[in-house]
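Chains as they are written, first to last, in the UniProt record's numbering: chain A, 1 to 383; chain B, 1 to 383. In this text, a Cβ means the ideal position worked out from N, Cα and C, and glycines have one as well. All of these numbers come straight from a predicted model, not from anything done at the bench. Quick notes on the structure that follows.
Now the structure itself:
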């Protein structure tokens, strides 16, 4: 069995989820977030691209409803014993099959939580679920229940986070090795991803961000790689991934020589990064991390060049998104707690001049403040 | 502007979507599938992990509502001129902002189609959308509208599909080069992904499937790589990806020597693959492709060892899923049409003996039948 946590740790997580269900007066939870399934049972798949539900009762009972290709997947990767299969066909109606299974558990007229905020539960499937369970039981959104548990990492999880961070550092070393005038972006990406996969890591939950020239001011992946110019700028935002735990880094690398203003922007970015780390303190609302970023940017005349958010939690996220809940934006009241892992990204994009500067680190919240999970300096590296 | 199709081709696609809206009596479409956005406008992002909507009216008008990090992304990758931004915050309500925009377009009491079957529209956001637009306009599921248009590829698209197929072939060559007794799965993955990225390709919309030993009987990715034993079996299912177009291949590679039964299973797999290709004919229901797979497996005593589906359409899919609509399962009435691209995967897993055999090719439906988009033989390769 390819379990990456002890059965005891997984059982403890389910026990805490059950306690939260009971505290909320819920009789069970319909789980659609793959990260929740992995967290509670070890179950590891991308089968959530079709209708798939893990039920966890307030009595601790749990079963999985999925398609045939995931039967063995669940057997090989998880502690789930009770695996049920629905079959594709023009008349397939897995939500109705789920209803019948819930009826067998005497859940008629009971209250169930639902993870509605899940890529694995498309709008269409959510509406079918609601229609199937209408007049059967009361449903309420409990998307946050397991996500809240996942937010603070256990010692066993932090081991994997640190391994992910080491893979991210190696990927940055590969970027420094391969970037330079005339380099092909595809070769840079291949080197970065390669060192992670060779290190036993996983694909990231979303693509690495790579952009140069005017596209160095983008912060999403897009298709179509180019060669770097003799004088250019290269923005990279990427994750080391180990056991699906993500640790991110971000850098803009001037090619040839820094563009006008880029040296100053780098100083501001590093100052902002340090201010954000100082603001990330146990007990303080994480919205203050954004405020620190904004304050430093604004003080240096970069108000128009900053983003509306400056990072987010990281964990065992699955495609299409490594950005875990919650996010650093103004006013976010969630408190920082030791054991949380966040990515702080500092983005300063001067649209008027077409100049980018970024920096970023993954940090672990400690009892005193936070610890950067990277051995790579934040200094400007020109290639 | 990094457009990968001419503005005329993109305009033609929108004109066909508009014609379908009019034919269905719809006044507009709320688009949440990233593949639809890419298809209609070129817009290329993973920003759909947050609330994001492209509106296309039956009058041809279109605008995008997204978050700030995607403003430049839309400007740099698409033909969308009208880009509107919603801002994160504890009180953020993008669905209500969307309603206000629709009201400006005088869509009160009109009929709008919605792409509810979208990873970019989670159950929670769909329910918020429905609540925001209740009593404002009539909504109906039109998830299939653009997907139907996307199903038949244009000549310009087929150029990219063929490039993707070439990258898949190179990845298989890398697998043959690196697989063998003692090889580390992570090194194999790195070599396969590396040749695709160096060739200007993209990340796949879901992870490559790699499994050995007992996990060679899985057909999903999972974390945790191992070294191959002196006698082993390695199952690989992967995609070359170019401009987000996918071309898949699948193979099981015996390591050291074939396991008992594996030679016979390979013969059956190849016979089934050929039978599927013969069954994929313009005008015939694609469910018959599954029937051909089932018939060959059953005739050779592998009824218990086969799947409930044997492949699916391929196209410009985005994470978390490269499996496009529609799928080869029994009774699927969708007709094959020239210009469609399908992945036929033949999977025979003997659970009792723990032996796997797979094969698979991407094919293009032609006027006469179908054409395999791979130059790699389907012969058994033992490493």
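Using a 10 angstroms sphere on the CB of residue 58 of chain B, the tally of other CB atoms reaches 16 or more, which defines it as buried. DSSP places residue 76 of chain A inside the alpha helix (DSSP H), whose first and last residues are 71-77.
Interface residue (Cβ-Cβ distance to chain A less than 8 angstroms): residue 104 of chain B is not classified as such. Within the same chain, and ignoring the five residues on either side of residue 275 of chain A in sequence, the residues whose Cβ sits closer than 8 angstroms to its Cβ are 292, 293, 295, 296. Using beta-carbon distances, residue 49 of chain B counts as an interface residue toward chain A, with a partner under 8 angstroms.
Residues of chain B whose Cβ lies closer than 8 angstroms to the Cβ of residue 219 of chain A are, in chain order, 69, 73.
For residue 176 of chain B, no CB of chain A lies under 8 angstroms from its own CB, so it is not counted at the interface with that chain. Sequence-ordered contacts of the stretch 311-335 of chain B with chain A read 318, 319, 320, 321, 323, 327, 329, 330, 331, 332, 333 [C-beta pairs closer than 8 angstroms]. Taking a Cβ-Cβ threshold of 7 angstroms, the residues of chain B close to residue 202 of chain A are 223, in chain order.
Within 9 angstroms of the CB of residue 127 of chain B, the CB atoms of chain A belong to 116, 123, 126, 127, 130, 141, in sequence order along the chain. By the neighbour-count definition (other C-beta atoms within 10 Å, threshold 16), residue 284 of chain B is an exposed residue. Runs of the alpha helix (DSSP H) spanning 4 or more residues and lying entirely within the stretch 25-49 of chain A occur at 34-41, in chain order. For residue 193 of chain B, the secondary structure class from DSSP, reduced to helix, strand or coil, is helix.
Within the DSSP bridge table, the entry for residue 178 of chain B names no partner. When CB distances to chain A are screened at a threshold of 7 angstroms, the residues of the stretch 237-251 of chain B falling below it are 243, 244, in chain order. In the structure shown, residue 154 of chain A falls within a coil segment according to DSSP collapsed to helix, strand and coil. Among the bridge pairs identified by DSSP, residue 234 of chain B is matched with B/212, B/253. In terms of CA proximity to residue 30 of chain A, A/145 leads the group A/3, A/2, A/145.
Between residue 269 of chain A and residue 358 of chain A, the C-beta gap is smaller than 8 angstroms, which places the two residues in contact. In terms of beta-carbon proximity, residue 197 of chain A lines the interface with chain B, with at least one pair separated by less than 8 angstroms. In this structure, residue 114 of chain B places its C-beta atom within 8 angstroms of the C-beta atom of residue 139 of chain B. Distances from the alpha-carbon of residue 372 of chain B to those of B/168, B/181, B/151, B/16 put B/168 closest. Boundaries of the beta strand (DSSP E) around residue 370 of chain B: 370-372. With a contact defined as Cβ atoms closer than 8 angstroms, residue 305 of chain B and residue 349 of chain B qualify at about 6 angstroms. Interface flag for residue 165 of chain B against chain A is unset, since no Cβ pair is found closer than 8 angstroms. In the three-state reduction of the DSSP assignment, residue 246 of chain A falls in the strand class, which pools E and B. With a threshold of 8 angstroms between beta carbons, residue 214 of chain B makes contact with chain A. By the C-beta criterion, the stretch 182-192 of chain A is judged to be in contact with the stretch 208-218 of chain A, since at least 3 inter-stretch pairs fall below 8 angstroms. The stretch 93-137 of chain A contains, as complete beta strand (DSSP E) runs of 3+ residues, the segments 111-114 (chain order). Cβ neighbours of residue 71 of chain B within its own chain (closer than 7 angstroms, five residues either side excluded): 83, 85.
By the criterion of a C-beta distance shorter than 8 angstroms, residue 112 of chain B is surrounded in its chain by 26, 27, 28, 29, 30, 102, 133, 137, 138, 139, 140, once the five residues flanking it on both sides are discounted.
Taking 8 angstroms as the threshold, the shortest C-beta distance from residue 169 of chain A to chain B does not fall below it.
Contact check for residue 318 of chain B and residue 34 of chain B: beta-carbon distance about 4 angstroms, within the 8 angstroms limit, so the pair qualifies.
For residue 349 of chain A, the pairing in a beta bridge is given by DSSP as A/356. If you draw a straight line from the Cα of residue 322 of chain A to the Cα of residue 47 of chain B, it comes to about 12 angstroms. As DSSP reads the structure, residue 382 of chain B sits in no beta bridge.
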